[in-house]
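Each residue of the sequence shown is one higher than the one before, starting from 21 at the first, in my numbering.
Built from N, CA and C at the ideal position, the CB exists for glycine as well.
Just below is one structure, and these are the notes that go with it.
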Amino acid sequence: MRDHTREEFVAWLAENALTPRRIAVLTGAGISAESGIPTFRGTDLLWRDMDPAELFTVEALQAQTQLVWEMYDELRTRIAAASPNAGHTALAALAHHRELTLATQNIDGLHQRAGSDAVLELHGNLWRLRCDHCRYHEENTQTPLQALPPACPGCDGILRPDIVLFSEPLPVDALLQAREAAANCDVILVIGTSGVVYPAAGLPLIARAHGAYVVEINPFETPLSHEADFSIRAPAARALPWLAEILSAE
Ligand code: NAD
Ligand code: ZN
Numbered sequence: 021m022r023d024h025t026r027e028e029f030v031a032w033l034a035e036n037a038l039t040p041r042r043i044a045v046l047t048g049a050g051i052s053a054e055s056g057i058p059t060f061r062g063t064d065l066l067w068r069d070m071d072p073a074e075l076f077t078v079e080a081l082q083a084q085t086q087l088v089w090e091m092y093d094e095l096r097t098r099i100a101a102a103s104p105n106a107g108h109t110a111l112a113a114l115a116h117h118r119e120l121t122l123a124t125q126n127i128d129g130l131h132q133r134a135g136s137d138a139v140l141e142l143h144g145n146l147w148r149l150r151c152d153h154c155r156y157h158e159e160n161t162q163t164p165l166q167a168l169p170p171a172c173p174g175c176d177g178i179l180r181p182d183i184v185l186f187s188e189p190l191p192v193d194a195l196l197q198a199r200e201a202a203a204n205c206d207v208i209l210v211i212g213t214s215g216v217v218y219p220a221a222g223l224p225l226i227a228r229a230h231g232a233y234v235v236e237i238n239p240f241e242t243p244l245s246h247e248a249d250f251s252i253r254a255p256a257a258r259a260l261p262w263l264a265e266i267l268s269a270e
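Below is the structure:
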């Protein structure tokens, strides 16, 4: 693996006479990897010998409520102990210099903790809990939770995290805003996502179809790599500080 250097990126911008003003960003689990939050495709994939991807389903939540809630509770506790990394921080700083729309597939809230506003959460957030019976919802940052599964204060049901489980639809407003940003940007940064979870993975394609450049930041090749105009094969926390600095320059 060889990192594209910042010099190569500067040269590429110059070759294309590109000074991006409107920047769309799509982040996935990879941007939080260096904060110690495991991705679904990483090496520390298993949770108690089970594939977490199979536990992030409505079926698992219904059939194995206690077990699945133990996983969410552990994940929340792990995220609470983690900190945003230099990649999250660089994106928050870039928003002060450019028209930037940040859409994330992450449910960890680390972009917000790094100072990003108006984050479009395509897959929800682990720090919001909701009841599907009575529509009660709350912000809840307690770790670990006192009782699992947490009881709904509004009815005799239980709460679930306000996240998008596999096969559930995405929040319409966030998705529409992310699509609009993709259709109207000069450059889209695709950071730390495997590019296989639709419809989020469609955003770079929308941007491309509208004439934007696609820049991928991922240490490994992904199914989206062949759509990218420029690939930075480096960890996000290493590449984003210099990338954001270059993109912020007048
Ligand atoms: P993914 O786990 O499928 O893929 C992670 C991607 O990140 C891979 O392509 C990998 O090569 C890349 N990556 C690994 N380390 C990186 C680094 N240091 N810098 C940049 N890239 C790196 O993640 P996904 O595409 O986001 O999809 C999985 C789903 O799982 C998402 O929908 C998300 O909601 C959920 N999820 C969220 C979190 C989180 O909130 N932190 C963590 C795991 C899974
Ligand atoms: Zn309820």
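Q. How do the stretch 91 to 111 and the stretch 152 to 167 stand: do at least 3 beta-carbon pairs fall below 8 Å, yes or no?
A. Enough Cβ pairs lie closer than 8 Å, so yes.
Q: Determine the direct distance from the alpha carbon of residue 56 to that of residue 71, and round the result to whole angstroms.
A: Here residue 71 refers to the residue found at position 51 of the sequence shown. Here residue 56 refers to the residue found at position 36 of the sequence shown. Their Cα atoms are separated by approximately 18 Å.
Q. Any chance the CB of residue 156 is under 8 Å from a heavy atom of the ligand ZN?
A. Residue mapping note: residue 156 aligns to position 136 of the sequence shown, counting from 1. Answer for residue 156: yes, Cβ within range of the ligand ZN.
Q: Use the C-beta contact count for residue 315: other C-beta atoms within 10 angstroms, 16 or more gives buried, fewer gives exposed.
A: Residue 315 lies beyond the stretch modelled for the chain, which goes from 21 to 270, so this question has no answer here.
Q) Rounded to a whole number of angstroms, what is the C-alpha to C-alpha distance between residue 215 and residue 244? A) In the sequence shown, residue 215 corresponds to position 195, counting from 1. In the sequence shown, residue 244 corresponds to position 224, counting from 1. Looking at the two C-alpha atoms, the distance is approximately 6 Å.
Q.
As an exercise, report each continuous alpha helix (DSSP H) stretch of at least 4 residues that is fully enclosed by the stretch 86 to 164, in chain order.
A. Taking only runs of at least 4 residues, the alpha helix (DSSP H) segments lying wholly in the stretch 86 to 164 are 106 to 114 and 130 to 133.
Q) Secondary structure at residue 176, three-state DSSP: helix, strand or coil? A) On the sequence shown, residue 176 is found 156 positions in, with the first residue counted as 1. In this structure, DSSP gives residue 176 a state outside helix and strand, which the three-state scheme calls coil.
Q. What is the residue span of the beta strand (DSSP E) that residue 78 lies within?
A. Start at 1 with the first residue of the sequence shown, and residue 78 comes out as number 58. Unbroken run through residue 78 is the alpha helix (DSSP H), 78 to 83; no beta strand (DSSP E).
Q. In the stretch 235 to 269, which residue ranges form an unbroken beta strand (DSSP E) of at least 3 residues, counting only runs that do not cross its ends?
A. Secondary structure remark: continuous beta strand (DSSP E) runs of at least 3 residues inside the stretch 235 to 269, in chain order: 250 to 252.
Q: Kindly give me the distance between the Cβ atoms of residue 255 and residue 27, rounded to whole angstroms, as I take these residues to be in contact under 8 Å.
A: Your numbering for residue 255 matches position 235 in the sequence shown. Your numbering for residue 27 matches position 7 in the sequence shown. At roughly 19 Å, the Cβ-Cβ gap does not stay under 8 Å, so residue 255 and residue 27 are not in contact.
**Q.** Residue ranges of each alpha helix (DSSP H) within the stretch 187 to 235, 4 or longer
**A.** If we require 4 residues or more, the alpha helix (DSSP H) runs fully inside the stretch 187 to 235 come out as 192 to 203 and 223 to 229.
Q.
Helix, strand or coil for residue 42? Go by DSSP, reduced to three states.
A. The residue you call residue 42 lines up with position 22 of the sequence shown. Strand at residue 42.
Q: Over the uninterrupted alpha helix (DSSP H) stretch that includes residue 54, give me the two end residues.
A: For the purposes of this step, residue 54 is taken as residue 34 along the sequence shown, with counting starting at 1. Annotation: residue 54 is outside any alpha helix (DSSP H) and is labelled neither H nor E by DSSP.
Q: Could you tell me whether any non-hydrogen atom of the ligand NAD is closer than 8 Å to the CB of residue 143?
A: Position 123 of the sequence shown, counted from the start, is the residue given in the question as residue 143. True, at least one ligand heavy atom lies under 8 Å from that Cβ.
Q. Residues in its own chain within less than 6 Å of residue 175 by CB, not counting five upstream and five downstream?
A. Here residue 175 refers to the residue found at position 155 when the sequence shown is read from its first residue. The residues are 153 and 154.
(Q) For the ligand NAD, I want to know if residue 250 counts as a neighbour, meaning its beta carbon is within less than 8 Å of at least one of the ligand's heavy atoms. (A) Working through the sequence shown from its first residue, we reach residue 250 at position 230. Checking the Cβ of residue 250 against the ligand NAD gives no.
Q: Have a look at residue 132 and residue 122 and give me their C-alpha separation to the nearest angstrom.
A: As a first step, residue 132 is located in the sequence shown; it is residue number 112 there, counting from the start. As a first step, residue 122 is located in the sequence shown; it is residue number 102 there, counting from the start. Going by the C-alpha atoms only, they are around 11 Å apart.
Q) Where does residue 171 fall in DSSP's three states? A) Mapped onto the sequence shown, residue 171 falls at position 151. Three-state result, residue 171: strand.
Q. How is residue 72 classed by DSSP in three states: helix, strand or coil?
A. Translated into positions along the sequence shown, residue 72 becomes position 52. Per DSSP, reduced to three states, the secondary structure at residue 72 is helical.
Q) Just how far apart, CA to CA, sit residue 210 and residue 168? A) Start at 1 with the first residue of the sequence shown, and residue 210 comes out as number 190. Start at 1 with the first residue of the sequence shown, and residue 168 comes out as number 148. About 36 Å.
Q: Please say whether residue 41 and residue 159 have beta carbons closer to each other than 9 Å?
A: On the sequence shown, position 139 is the one that residue 159 refers to. On the sequence shown, position 21 is the one that residue 41 refers to. No, Cβ-Cβ distance for residue 159 and residue 41 is not below 9 Å.
**Q.** Contact set for residue 48: own chain, Cβ-Cβ below 6 Å, skip 5 residues either direction
**A.** Within the sequence shown, residue 48 is the residue found at index 28, counting from 1. So the qualifying residues of the chain are 125, 212 and 213.
Q: Please look up how many angstroms separate the CB atoms of residue 177 and residue 151, rounded, as I've assumed it's under 8 Å.
A: Sequence index remark: in the sequence shown, residue 177 carries index 157 (1-based). Sequence index remark: in the sequence shown, residue 151 carries index 131 (1-based). The C-beta separation of residue 177 from residue 151 comes to about 5 Å, placing the pair in contact by the 8 Å criterion.
Q: Take residue 86 and list the residues in its own chain whose beta-carbon comes closer than 7 Å to its own, dropping the five residues that flank it on each side.
A: As a working note, residue 86 is residue 66 in the sequence shown. Cβ within range, chain order: 168 and 169.
Q) Quick one: Cα of residue 171 to Cα of residue 157, how far? A) Working through the sequence shown from its first residue, we reach residue 171 at position 151. Working through the sequence shown from its first residue, we reach residue 157 at position 137. So the two alpha carbons sit approximately 12 Å from each other.
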